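Residue 156 in this note's numbering sits at position 147 of the sequence shown; the count goes up by one each step and never skips. For every residue, glycine included, the Cβ atom is placed at its ideal position computed from N, Cα and C. Here the structure is a predicted model, which means the values were calculated and not measured. For reference, the structure discussed in these notes is given below.
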Amino acid sequence: MRIDIITCLPRLLDSPFSHSILQRAQDKGLAEVYVHDLREYAVNRKKQLDDYAYGGGAGMVMMIEPIDRCISALKAEREYDEVIYMTPDGEQLNQGTCNELSLRKNIIILCGHYKGVDQRVRDAFITREISIGDYVLSGGELAAAVLSDALIRLIPGVLSDETSALTDSFQDNLLAPPVYTRPAEYNGMKVPDVLLSGHAAKIEEWRHEQAVERTKQRRPDIFKE
Ligand code: 6GU
Numbered sequence: 010m011r012i013d014i015i016t017c018l019p020r021l022l023d024s025p026f027s028h029s030i031l032q033r034a035q036d037k038g039l040a041e042v043y044v045h046d047l048r049e050y051a052v053n054r055k056k057q058l059d060d061y062a063y064g065g066g067a068g069m070v071m072m073i074e075p076i077d078r079c080i081s082a083l084k085a086e087r088e089y090d091e092v093i094y095m096t097p098d099g100e101q102l103n104q105g106t107c108n109e110l111s112l113r114k115n116i117i118i119l120c121g122h123y124k125g126v127d128q129r130v131r132d133a134f135i136t137r138e139i140s141i142g143d144y145v146l147s148g149g150e151l152a153a154a155v156l157s158d159a160l161i162r163l164i165p166g167v168l169s170d171e172t173s174a175l176t177d178s179f180q181d182n183l184l185a186p187p188v189y190t191r192p193a194e195y196n197g198m199k200v201p202d203v204l205l206s207g208h209a210a211k212i213e214e215w216r217h218e219q220a221v222e223r224t225k226q227r228r229p230d231i232f233k234e
């Protein structure tokens, strides 16, 4: 999978892809992430990227021309399966959408800022608009990093068997069960006996019960019998 992220704050994305699982995915050649500085596609002398909103009101709007130039330059190089715009008024991201998008080969992610982008960008170039939750961030960069992380870890070969995405919270509409590691007792707090029993079937049953209980308690909205 190749991800091209378009942003006016590229520095914000310097580090999230340079560690741990995401770095390893790139080292193994399973994912490529490129960050493009929108400023390099600015048109006028001032390198302007935003302007006042027609009709007035507070907040600047990102102009169409630099974005068009950047997206067009990318599309001239290869085909893209999806051009995603990160915006708090998009569809809310969930594991199902991540599973679906993780199958794409090339995607562009456009990060919004200020009061957003000129509507004509959305009409002409964007195939999907995604929000990461009902709260407002100062820009789409951190949301783009969240989406990219969620997609890359689902690419086959990125996670080892032990860390398989199949046992994640949400993958089957169940939250993950509690986990423990050594020591077996700490300041009087004990690891549940069943986990020390070595009885694989009982452990599996216990984990499932715990997952069901947690999901009913914390996320009745996603719980299905
Ligand atoms: Cl995608 N962008 C911004 N600016 N805020 C958000 C968001 C995106 N998702 C939730 N809040």
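* Contact the segment 27–45 vs the segment 92–104: 3+ CB pairs below 8 angstroms -> As far as the Cβ criterion goes, the segment 27–45 does not touch the segment 92–104, which means the pair count is below three.
* First through last residue of the alpha helix (DSSP H) which encompasses E214 -> Its alpha helix (DSSP H) spans residues 209–227.
* Asked: Between R137 and L184, which are expected to be in contact by the criterion C-beta below 8 angstroms, what is the C-beta distance as a whole number of angstroms?
  -> Not a contact, Cβ separation roughly 27 angstroms.
* Asked: Should A159 be listed as close to the ligand 6GU, given that the test is whether its C-beta is under 7 angstroms from any heavy atom?
  -> No - the ligand 6GU has no heavy atom lying nearer than 7 angstroms to the Cβ of A159.
* **Boundaries (first-last residue) of the beta strand (DSSP E) holding I98** => According to the sequence displayed, residue 98 carries Asp and not Ile. Per DSSP, the unbroken beta strand (DSSP E) holding D98 starts and ends at 91–101.
* Beta-carbon spacing of I118, Y89 below 8 angstroms -> In this structure, Y89 does not lie closer than 8 angstroms to I118 by Cβ.
* Asked: Do you know offhand how far R9's Cα is from R162's?
  -> No statement about residue 9 is possible, as the shown extent of the chain runs from 10 to 234 and does not include it.
* **Alpha carbon of P192 to alpha carbon of D13, nearest angstrom** => Near 44 angstroms, if we compare the C-alpha coordinates of D13 and P192.
* To do: Give a single yes or no on whether M69 has its beta carbon closer than 7 angstroms to a heavy atom of the ligand 6GU.
  => Distance from the C-beta of M69 to the nearest heavy atom of the ligand 6GU is not below 7 angstroms.
* Asked: Is there contact here, the segment 192–209 with the segment 165–184, by at least three beta-carbon pairs under 8 angstroms?
  -> Touching, no.
* Compare the C-beta of Q128 with all C-beta atoms of chain D and state if any pair is closer than 8 angstroms. => Absent here is chain D; the protein component of the structure consists of one chain.
* Do P97 and the ligand 6GU come close, with the Cβ less than 7 angstroms from some heavy atom? -> Yes, Cβ of P97 sits closer than 7 angstroms to a heavy atom of the ligand 6GU.
* Which of the three DSSP states, helix, strand or coil, is assigned to D170? -> Coil.
* Asked: Is there at least one non-hydrogen atom of the ligand 6GU closer than 7 angstroms to the beta-carbon of L18?
  -> Not one heavy atom of the ligand 6GU is found less than 7 angstroms from the C-beta of L18.
* **Top-ranked residue by Cα proximity to L58, from G65, C107, D77** => Answer by Cα proximity: D77.
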